[in-house]
Amino acid sequence: MRFFVDFCIHYDRRNSGIKAIIIFPKEISIVTHRNPDGDAIGSSMGLAGYLQKLHHNVKVIFPSEYPTSYGFISGIQRAVIFDLDPNGARQIIEKSDVIFCLDFNGLDRVDKLGENIQFSKAKKVLIDHHLDREPFTDIEFSDTSASSTCELVFKVIDELGDRSKIDPDVGECLFTGLITDTGSFRYGTRSYTYEVAASLKVLGVDDYKLADKIFNSQKEKHLRLLGHCLANRMEVMKDYGVGIMWLTRKDYADFDIQRGDTEGIVNYMLMMENIQVAAFILEQPSIIKISLRSKGDISVQEIAQKYFNGGGHKNAAGGGVYASLGDIKDKVRKVMPQYLTKLTV
Ligand code: 5GP
Ligand code: MN
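In our numbering, the protein residues as written are 144 to 488.
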């Protein structure tokens, strides 16, 4: 709530700040978080498309590779991936007059690029909707009540009087974040989210085709992996309504799991009756990654921050720890009862 008020009160000042920044063509870079998801990708590519219309030289940097299912996003092949080209990415940051930081609010979310951003002399602009913002930017559009960063990018462009510069390609990028961060408009929405969706549709976005491209492009191995997770890698704490799922390093090899292949699987546990929290534990080469989801008032953001070196949103959070898979499973089993009341079913 604090950030929402913050956003409203200072909105005009910040908007004129942005206006002053983008009035003359500049070298602009747009950075988003590692393991970029639909909102990170959509907001970055959408903002890039808009700024290019204003004749800026715009480069998008992803810290790590994006899921191949987003290959349809206009211009994405030109994005620079830090993991594949660290020097190229660093040079872009060094040359930038302005750096937009989208869909993250702490420099630990962009790996080693964080240092380059921190020490850069460029003006830094944050557009984000996560909790617990860290102060590393000059102008902030931080609104935790927004469904997505894409919703905020639309708002910024619209309030700059440039709604007409949102063509169907830019619109499709922004709509992508709306659809993916709200689970197809099932959670995290406010009335403004639907206003933005309606406006984007008016501007030419074909939401049916877009949803088909986003959700119906899974490879056979994705469905087989999902089946494996549901059949062989799920444990249910019935007393507390907690679903725990995990993947071992061997699973990664057996199913040829690449970055992004596990996205969305955690949500399947929430489809079970009485489930309040879902935890998905991934044994990656050097780190154990955990994805947490919850319903209603239970804050997995708090749990992720306190026990798993992470953060995020109230109902969708994650983290990463150096420990064994078994230890993390035990920790989840131990921690959850502290946050949940025993079910009486
Ligand atoms: P996911 O479970 O899909 O990886 O992430 C869900 C949300 O949790 C993300 O949108 C992000 O806000 C947050 N999150 C995931 N991993 C981390 C992490 O390692 N650190 C922090 N601070 N947040 C994370
Ligand atoms: Mn987001």
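Ideal Cβ positions, reconstructed from N, Cα and C, are used throughout, including at glycine. Values in this document were obtained by computation on a predicted structure and should not be read as measured data.
For this session: Measure the C-alpha to C-alpha separation of Thr405 and His365 and round it to an integer number of angstroms.
Result: Within the sequence shown, numbered from 1, the residue matching residue 405 stands at position 262. Within the sequence shown, numbered from 1, the residue matching residue 365 stands at position 222. Those two C-alpha atoms are separated by around 8 Å.
Exercise. Using DSSP with H/G/I as helix, E/B as strand and the rest coil, what is Thr487?
Worked result: The sequence position of residue 487 within the sequence shown is 344, counting from 1. Three-state result, Thr487: coil.
Exercise. Does the separation of the CB atoms of Asn178 and Ser207 fall below 7 Å?
Worked result: For the purposes of this step, residue 178 is taken as residue 35 along the sequence shown, with counting starting at 1. For the purposes of this step, residue 207 is taken as residue 64 along the sequence shown, with counting starting at 1. It is a contact, given that the beta carbons lie within the stated cut-off.
Exercise. When the Cα atoms are used, what is the spatial distance from Ser237 to Asn259?
Worked result: Residue 237 sits at position 94 when you count from the first residue of the sequence shown. Residue 259 sits at position 116 when you count from the first residue of the sequence shown. One detail in the question is off: residue 237 reads as Glu in this sequence, not Ser. Roughly 8 Å between the two C-alpha positions.
For this session: Starting from the Cα of Val385, find the closest Cα among Tyr482, Asp254, Met188 and Arg157 and give me that residue.
Result: Residue 385 sits at position 242 when you count from the first residue of the sequence shown. Per the Cα distances, Tyr482.
Exercise. Using a Cβ-Cβ cut-off of 6 Å (strictly less than) and excluding sequence neighbours within five positions of Arg392, which residues of its own chain qualify?
Worked result: Within the sequence shown, the letter at position 249 stands for residue 392. Correct list, in chain order: Glu426.
For this session: State whether the stretch 250-270 contacts the stretch 300-319, with contact taken as three or more CB pairs (one from each stretch) at a distance under 8 Å.
Result: no
For this session: Could you tell me which of Lys381, Ile433, Met414 and Arg367 sits nearest to Asp394, measuring between CA atoms?
Result: Counted from its first residue, the sequence shown places residue 394 at position 251. For Asp394, the closest of Lys381, Ile433, Met414 and Arg367 by C-alpha to C-alpha distance is Arg367.
Exercise. Exposed or buried, which one is Asn221 when buried takes at least 16 other CB atoms within 10 Å?
Worked result: Here residue 221 corresponds to residue number 78 of the sequence shown, with the count starting at 1. Sequence check: residue 221 is Arg here, not Asn. Arg221 comes out exposed.
Exercise. Is Thr405 near the ligand FMN, judged by its Cβ being under 6 Å from some heavy atom?
Worked result: Ligands in the displayed structure: the ligand 5GP and the ligand MN; the ligand FMN is not one of them.
Problem set entry | Burial state of Phe167 (16 or more Cβ within 10 Å) | The count along the sequence shown starts at 1 and reaches residue 167 at position 24. Exposed, by the Cβ-count rule.
Problem set entry | Local conformation of Met496 per DSSP, three classes | Outside the displayed range of the chain (144 to 488) lies residue 496, so it cannot be described from this structure.
For this session: Flag this pair as yes or no: are the beta carbons of Asp275 and Gly461 separated by less than 7 Å?
Result: Position 132 of the sequence shown, counting from 1, holds the residue named residue 275. Position 318 of the sequence shown, counting from 1, holds the residue named residue 461. Contact flag unset, no.
Exercise. Does the stretch 427-445 come close enough to the stretch 460-477 that 3 or more CB-CB pairs lie under 8 Å?
Worked result: yes
For this session: Within 10 angstroms of the Cβ of Tyr351, are there 16 or more other Cβ atoms? Answer buried if so, exposed if not.
Result: Here residue 351 refers to the residue found at position 208 of the sequence shown. Burial call: exposed.
Exercise. Three or more C-beta pairs closer than 8 Å, one from the stretch 403-420 and one from the stretch 433-441: is that the case here?
Worked result: yes
Problem set entry | 4 or more residues per run - each alpha helix (DSSP H) lying fully within the stretch 212-273 | As far as the stretch 212-273 is concerned, its whole alpha helix (DSSP H) runs of at least 4 residues are 229-238 and 256-262.
For this session: Reducing DSSP to helix, strand and coil, say where Thr325 ends up.
Result: Translated into the one-based positions of the sequence shown, residue 325 becomes position 182. Coil, per DSSP.
Exercise. For Ala232 versus Val241, is the C-beta distance shorter than 7 Å?
Worked result: For the purposes of this step, residue 232 is taken as the residue at position 89 of the sequence shown. For the purposes of this step, residue 241 is taken as the residue at position 98 of the sequence shown. Not a contact, by the Cβ cut-off of 7 Å.
Exercise. With C-beta atoms as the reference, is Asp286 less than 7 Å away from Asp246?
Worked result: Translated into positions along the sequence shown, residue 286 becomes position 143. Translated into positions along the sequence shown, residue 246 becomes position 103. Asp286 is not a Cβ neighbour of Asp246, given a cutoff of 7 Å.
Exercise. CB-CB under 7 Å to Phe284, same chain, minus the five flanking residues each way: which ones, in chain order?
Worked result: Position 141 of the sequence shown, counting from 1, holds the residue named residue 284. Contacts found: Phe150, Arg157, Leu269, Ile270, Leu295 and Val299.
Exercise. For Ile387 versus Ala422, is the C-beta spacing smaller than 7 Å?
Worked result: As a first step, residue 387 must be located in the sequence shown, where it is residue number 244. As a first step, residue 422 must be located in the sequence shown, where it is residue number 279. Cβ distance < 7 Å, so Ile387 and Ala422 count as in contact.
Exercise. When we look at the beta-carbon of Ala447 and count the other beta-carbons within 10 Å, is it buried (16 or more) or exposed?
Worked result: If you number the sequence shown from 1, residue 447 lands on position 304. With a threshold of 16 other beta carbon atoms within 10 Å, Ala447 meets it and is buried.
For this session: Note down, one range per segment and in chain order, each alpha helix (DSSP H) of at least 4 residues found wholly within the stretch 296-364.
Result: 311-324, 334-345 and 350-358
Exercise. Is the beta carbon of Leu321 sitting closer than 7 Å to the one on Ser291?
Worked result: The sequence position of residue 321 within the sequence shown is 178, counting from 1. The sequence position of residue 291 within the sequence shown is 148, counting from 1. Yes, the pair counts as a contact, with Cβ atoms nearer than the cut-off.
Problem set entry | Straight-line Cα distance separating Ile431 from Val174 | In the sequence shown, residue 174 corresponds to position 31, counting from 1. In the sequence shown, residue 431 corresponds to position 288, counting from 1. So the alpha carbons of these two residues sit roughly 25 Å apart.
Problem set entry | Residues of its chain near Leu227, where Cβ-Cβ distance is below 8 Å and the 5 sequence neighbours each way are ignored | As a first step, residue 227 is located in the sequence shown; it is residue number 84 there, counting from the start. Hits under 8 Å: Glu208.
Exercise. Should Val313 and Gly192 be called a contact, given that it needs their Cβ atoms to be closer than 7 Å?
Worked result: By 1-based counting over the sequence shown, the position of residue 313 is 170. By 1-based counting over the sequence shown, the position of residue 192 is 49. With respect to Gly192, Val313 sits close: the two C-beta atoms are nearer than 7 Å.
Exercise. Going by other Cβ atoms of all chains shown within 10 Å of its Cβ, with 16 needed for buried, is Asn458 buried or exposed?
Worked result: Taking the first residue of the sequence shown as position 1, residue 458 is located at position 315. It counts as buried.
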